[in-house]
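First the structure, in the form of structure tokens, and then the observations on it.
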Amino acid sequence: MSTTTSKTVKKTKTKKEKTRESPWTEQFRPRTTKQIVGNQDVVRDIDEQTSQLSVPNICISGIQGVGKTTISNIIAWRLAEGQVENILIINGSEQGTMDYLRKKIIPFCDKTSLDSGRKVVVIEEADNMSTKVQPALRKVMEKYTVNGNVVFVLNCNYLNKIIPPLLSRCAKFKFGRVADKDMIKLLKRVQKVKKLTIEEGAIEKILKEAKGIPRDLITLLQMVSLSGKRPITTDLVQKHSLDVIVEEIMKEILKKKNLKAALDLTIKNMNEGRIIDERSMIEEIFNRYSSNGIKNELFRGFIIKYCAEADANISGGSIPLIQLGGLYSNILILKIQSESGK
Ligand SMILES: Nc1ncnc2c1ncn2[C@@H]1O[C@H](COP(=O)(O)OP(=O)(O)OP(=O)(O)O)[C@@H](O)[C@H]1O
Ligand SMILES: [Mg+2]
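Residue numbers (this note's numbering): 373 to 714.
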């Protein structure tokens, strides 16, 4: 090896290079079910069901960032015995169309695999497939799973958005928030690999912030560590707190009356992974106004109503960012009206 090369290898990463690093959530994505923290009873049941000769179709539901995609990938890999060509992963939001069903899913199921091994179709965000496509998928499922050659693995946030005839053909598993005693294990894992120094109080604050969602915990750790300050203190975590970010966005709307700044700040935080998506931002606003001590019940009532409408519209296929922008402007209009006494 030349000197230049060895120098390159030894060189410590600059801040810019650190920022280019792949997301920690990917670096720490579990490769085996043993690495998954929390929901242990469910994980055990899935392990059992997918270790038998005859494997049912599977549907995994639950909130965002708790490991549904992760375990679906692990199952797919296991069932297809590592034969990537026998795995088809599709996203129900983008590819859950009749066209995709006809041109991709059916031919995939039809094609005899070279090693005559089992094939797996993973459908991410299956709850976002239209109610027109779902009955057609049910028929495909019925046809191809009869001799156990194809297994469907669906995952979704909302079980009630999947039609019962499709659900009744799956073994169902639900992932919930992860208890702090398990979140700590994940935190320690990341801390060890990334050699982080975290103050005792900050650990508590991180767990409180992550609210039982492993993805949020890892994203928060990456963000605070990228700020370059060491050790990680409670104040530093507070600065990256989602509550603080939501507070700043609401301030732009309610105090500065600046919708553009509110949207820019939202997009920036979505790009950085702190806000998962538009829908989770709507949920944050809902949680904030449904639970805390706002004196004006009418104000609270309207905000909850607007959140519900925006969420339903996204479910119905509207563009999420436009719906979130609509919610922000409704809140601003409400504020202006209440100030002018209307
Ligand atoms: N239970 C878990 N144990 C360990 N890490 C986890 C767990 N759940 C999530 N993670 C971390 O969060 C990342 C994202 O998880 P994943 O994509 O499986 O979430 P999800 O439940 O599918 O979310 P969504 O509903 O948004 O699709 C993983 O790559 C991993 O780093
Ligand atoms: Mg997922």
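Note that CB positions come from ideal geometry on N, CA and C, so glycine has one too.
Count Cβ pairs between the stretch 602-610 and the stretch 549-557 that sit closer than 8 Å; are there 3 or more?
no
Tell me whether Q400 sits in a helix, a strand or coil according to DSSP, three-state version.
One detail in the question is off: residue 400 reads as Phe in this sequence, not Gln. Coil, per DSSP.
Report yes if the C-beta distance between I694 and I675 is below 9 Å; otherwise report no.
no
Under 9 Å between C-beta atoms of N429 and L526
yes
Rounded C-alpha distance that separates T375 from A633
Only weak support exists for where T375 lies, its pLDDT of 35 falling under 50; the value from the coordinates is given anyway. Spanning the two alpha carbons is a distance of roughly 50 Å.
Taking only three categories from DSSP, how would you classify G584?
coil
Relative to ligand 1, is the shortest distance from any of its heavy atoms to the C-beta of I686 smaller than 8 Å?
no
Less than 9 Å between the C-beta atoms of P395 and T605, yes or no?
no
Only counting runs of 3 or more residues, tell me where the beta strand (DSSP E) segments fall wholly within the stretch 484-544, in order along the chain.
491-496 and 522-528
Minimum length 4: unbroken alpha helix (DSSP H) runs contained in the stretch 396-450
396-399 and 412-421
CB of P692 within 9 Å of CB of V409, strictly
no
9 Å Cβ cutoff met for G468 and A448
no
When every heavy atom of ligand 1 is checked, does at least one fall within less than 8 Å of the C-beta of I435?
yes
Apart from the five residues just before and just after T441, which ones in its own chain have a Cβ nearer than 7 Å to its Cβ?
E496 and N527
Continuous alpha helix (DSSP H) stretch holding L460: start and end:
Element bounds for L460: not the alpha helix (DSSP H) but the beta strand (DSSP E), I459 to N463.
When the Cα atoms are used, what is the spatial distance from P536 to N529?
15 Å
So K491 packs on V518, CB below 8 Å; how close in whole Å?
Actually they do not touch by this definition, with Cβ atoms about 13 Å apart.
Quick one: Cα of L425 to Cα of K577, how far?
45 Å
Are the CB atoms of L699 and I654 nearer to each other than 9 Å?
yes
Verify the contact flag: G439, CB atom, against every heavy atom of ligand 1, threshold strictly below 8 Å.
yes
Rounded to a whole number of angstroms, what is the C-alpha to C-alpha distance between N643 and V618?
15 Å
Determine the extent of the alpha helix (DSSP H) in which D554 is found, giving its start and end residues.
D552 to K566
Quick check on the DSSP output: what are the complete alpha helix (DSSP H) runs of length 4 or more inside the stretch 638-683, in order along the chain?
650-663
Taking just the CA atoms, how far does R602 sit from S423?
45 Å
Cα-Cα, which of G673, N664, M595 and V565 is closest to R646?
M595
Proximity below 9 Å, CB of V494 to CB of I534
no
Given 8 Å as the limit, tell me if E496 has its C-beta closer than that to any heavy atom belonging to ligand 2.
yes
Any heavy atom of ligand 2 inside 8 Å of the beta-carbon of L527?
It should be pointed out that residue 527 corresponds to Asn in this sequence rather than to Leu. N527 Cβ: within cutoff of ligand 2.
When DSSP labels each residue in this structure, what does I691 get in the three-state scheme?
coil
Is any non-hydrogen atom of ligand 1 found closer than 8 Å to the C-beta of F674, if you look at the structure I gave you?
no
Out of curiosity, what's the CA-to-CA distance linking T380 and G454?
Its pLDDT being 37, under 50, T380 is placed unreliably by the model, and the measurement read from it follows with that caveat. Whole-angstrom Cα-Cα distance: 35 Å.
Report whether the distance from the Cβ of Q407 to the nearest heavy atom of ligand 1 is below 8 Å.
yes
What does the Cβ neighbour count give for G728, buried or exposed, with the cut at 16 atoms within 10 Å?
It is not possible to answer for residue 728, since the shown part of the chain is limited to 373 through 714.
Check whether the Cβ atoms of L598 and L579 sit closer than 9 Å, and answer yes or no.
no
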